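Novice:
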Amino acid sequence: MTEPRTAIVTGSSKRVGRAIAESLLRDGWTVLAHVHDAGDPVPQGAVKAVADLRDPSCADAIFAASVGLAPVRLLINNAARFAWDGFGEFSADEFDAHMAVNLRAPALLIDQFARRHTSGDALIINILDAKLSAPNPDYLSYTLSKGGLATLTELAARALAPQGIRVNGIAPALMLQSSGQTAENFDRMHRSNPLGRGVDPAHVADAIRFLVEAPTTTGQTITIDSGHRFLGLGRDVQFLEAE
2 MTEPRTAIVT GSSKRVGRAI AESLLRDGWT VLAHVHDAGD PVPQGAVKAV ADLRDPSCAD
62 AIFAASVGLA PVRLLINNAA RFAWDGFGEF SADEFDAHMA VNLRAPALLI DQFARRHTSG
122 DALIINILDA KLSAPNPDYL SYTLSKGGLA TLTELAARAL APQGIRVNGI APALMLQSSG
182 QTAENFDRMH RSNPLGRGVD PAHVADAIRF LVEAPTTTGQ TITIDSGHRF LGLGRDVQFL
242 EAE
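First residue of the sequence shown: 2, per this note's numbering; consecutive thereafter.
1. Does the Cβ of R6 have 16 or more other Cβ atoms within 10 Å, making it buried, or fewer, making it exposed?
2. Report, in whole angstroms, the separation of the C-beta atoms of L109 and C59, which I expect to be a contact under 8 Å.
3. Rounded to the nearest angstrom, what separates R19 and S180 at their Cα positions?
4. If I'm right that V43 touches A22 with Cβ under 8 Å, what's the distance once you round it to whole angstroms?
5. Can you tell me which of the three DSSP states K15 falls into?
6. Do H35 and A50 have their C-beta atoms closer together than 7 Å?
7. Leaving out five residues before and five after A243 in sequence, what residues of the same chain have Cβ atoms less than 6 Å from its Cβ?
8. So the candidates are V168, G149, N79; which of them puts its Cα closest to the Cα of A158?
9. Would you kindly check if the distance between the Cβ of D237 and the Cβ of D139 is under 7 Å?
10. Please tell me whether L70 and T31 are closer than 7 Å, where the distance is taken between their beta carbons.
11. Compute the Euclidean distance between the alpha carbons of V48 and F83, then round it to the nearest angstrom.
12. CA-CA distance, V73 and P195?
13. Taking only the alpha-carbon atoms, compute the straight-line gap between V107 and G148 and give it to the nearest angstrom.
14. Cutting at 6 Å between CB atoms, please list the residues of its own chain near L177, excluding the five before and the five after it.
15. Classify E95: buried if its beta carbon has 16 or more other beta carbons within 10 angstroms, exposed otherwise.
16. Tell me the DSSP secondary structure of G149 in three-state form.
17. Note the first and the last residue of the continuous alpha helix (DSSP H) segment covering P173.
18. Whole-angstrom Cβ separation of I171 and I125, contact assumed at under 8 Å?
19. In the DSSP assignment, what are the bridge partners of L75?
20. Identify whether L229 lies in helix, strand or coil by the three-state DSSP scheme.
21. Looking at G87 and L141, is the spacing between their C-beta atoms short of 7 Å?
22. Within its chain, find whatever has a CB closer than 7 Å to the CB of T3; leave out the 5 residues flanking it on each side and keep chain order.
23. So, under 8 Å CB-CB, I225 and V200 are touching, yes? Tell me the CB distance rounded to an integer number of Å.
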């Protein structure tokens, strides 16, 4: 029987984060589900942690909510800001906001995780983006922040291995309709890849389950995109139909 253990999942209120939290609950984890606002829902059976990831004290608040729970053995940095800017429309405010949520907060949480970890196998998973394998300049600040998170994954894996902490990334392609994307575009582009198979949150949950059971895997990124990167597209998928 697996000993009691806690997983922290950021951005657990909806979309992919909620699916991840629900999968971990089914697998027997105690789940500390991070949300932005106290009124945000979490999956049934999860413990809620409220924190604004733009706040430098966010890691302290999230880990404070783990007091009294089983030892934290898994951290999934899933929450992300995804808003438009690009060359010619670059926004310093968006750059700062993306870096705070998508890069600084994961770094703070990883550091807190490492400080608190004592012994045994532990795992950190950063949710990246398959577009890093074939980058385009759309959503510039978002892409830069995810590139930074990929570098953080490598650096943390190297630094924390002596503590028994593994650090890996999962980089999925388009899974759910994005804000600003039409339903028609999503339906058409979701399966527009060499395998003709759309990626969905269950595939991310499967990759998480694999990494949990792979005690010698660290510093790796699993790209889940049905070969979409092979197309080498020059724009984000939601802009392609017009071209």
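For glycine and all other residues, C-beta sits at the position ideal for the given N, C-alpha and C.
These numbers come from a predicted model, not from an experiment.
Specialist: On the basis of the data shown:
1. Taking the first residue of the sequence shown as position 1, residue 6 is located at position 5. The residue in question, R6, is buried, as its Cβ has 16 or more Cβ neighbours within 10 Å.
2. In the sequence shown, the residue the question calls residue 109 occupies position 108. In the sequence shown, the residue the question calls residue 59 occupies position 58. Indeed they touch by this definition, with Cβ atoms about 6 Å apart.
3. Numbered from its first residue, the sequence shown carries residue 19 at position 18. Numbered from its first residue, the sequence shown carries residue 180 at position 179. So the two alpha carbons sit approximately 17 Å from each other.
4. Your numbering for residue 43 matches position 42 in the sequence shown. Your numbering for residue 22 matches position 21 in the sequence shown. About 7 Å separates the two Cβ atoms, so the contact holds.
5. Residue numbering aside, residue 15 sits at position 14 when the sequence shown is read from its first letter. Coil at K15, not helix or strand.
6. In the sequence shown, counting from the first residue as 1, residue 35 sits at position 34. In the sequence shown, counting from the first residue as 1, residue 50 sits at position 49. Yes, the Cβ-Cβ distance between H35 and A50 is below 7 Å.
7. Against the sequence shown, residue 243 aligns to sequence position 242. Low local confidence applies: a pLDDT of 38 at A243 is under 50, so the model's placement there is unreliable, with the coordinate-based value given in what follows. So the list is empty, once near-sequence residues are dropped.
8. By 1-based counting over the sequence shown, the position of residue 158 is 157. Relative to A158, the option among V168, G149, N79 whose CA is nearest is V168.
9. Taking the sequence shown and counting its residues from 1, the one referred to as residue 139 is at position 138. Taking the sequence shown and counting its residues from 1, the one referred to as residue 237 is at position 236. One thing to note: D139 has its Cβ within 7 Å of the Cβ of D237.
10. Counting from one through the sequence shown, the residue named residue 70 turns up at place 69. Counting from one through the sequence shown, the residue named residue 31 turns up at place 30. Cβ distance < 7 Å, so L70 and T31 count as in contact.
11. Counted from its first residue, the sequence shown places residue 48 at position 47. Counted from its first residue, the sequence shown places residue 83 at position 82. Their Cα atoms are separated by approximately 26 Å.
12. The residue labelled residue 73 in the question sits at position 72 within the sequence shown. The residue labelled residue 195 in the question sits at position 194 within the sequence shown. About 39 Å.
13. The residue given as residue 107 occupies position 106 in the sequence shown. The residue given as residue 148 occupies position 147 in the sequence shown. Looking at the sequence shown, residue 107 is not Val but Pro. Roughly 13 Å between the two C-alpha positions.
14. Residue 177 sits at position 176 when you count from the first residue of the sequence shown. Within the same chain, Cβ atoms closer than 6 Å to the Cβ of L177 are found at R16, the five residues on either side in sequence being excluded.
15. Position 94 of the sequence shown, counted from the start, is the residue given in the question as residue 95. E95 is buried by the Cβ-count criterion.
16. Counting from 1 along the sequence shown, the entry for residue 149 is found at position 148. It is helical.
17. For the purposes of this step, residue 173 is taken as the residue at position 172 of the sequence shown. No alpha helix (DSSP H) holds P173; the beta strand (DSSP E) holding it covers 166 to 173.
18. For this step, residue 171 is matched to residue 170 along the sequence shown. For this step, residue 125 is matched to residue 124 along the sequence shown. Contact check for I171 and I125: beta-carbon distance about 11 Å, past the 8 Å limit, so the pair fails to qualify.
19. Numbered from 1 along the sequence shown, position 74 holds the residue referred to as residue 75. When DSSP reads this structure, L75 sits in a beta bridge with A8, L124.
20. Mapped onto the sequence shown, residue 229 falls at position 228. For clarity, residue 229 is His in the given sequence; the question names Leu instead. Helix, per DSSP.
21. Here the question's residue 141 lines up with position 140 in the sequence shown. Here the question's residue 87 lines up with position 86 in the sequence shown. Yes.
22. For the purposes of this step, residue 3 is taken as residue 2 along the sequence shown, with counting starting at 1. For T3, where only same-chain residues beyond five positions count, the Cβ hits under 7 Å are G29.
23. On the sequence shown, position 224 is the one that residue 225 refers to. On the sequence shown, position 199 is the one that residue 200 refers to. Yes, they are in contact, since the Cβ atoms of I225 and V200 sit about 5 Å apart, within 8 Å.
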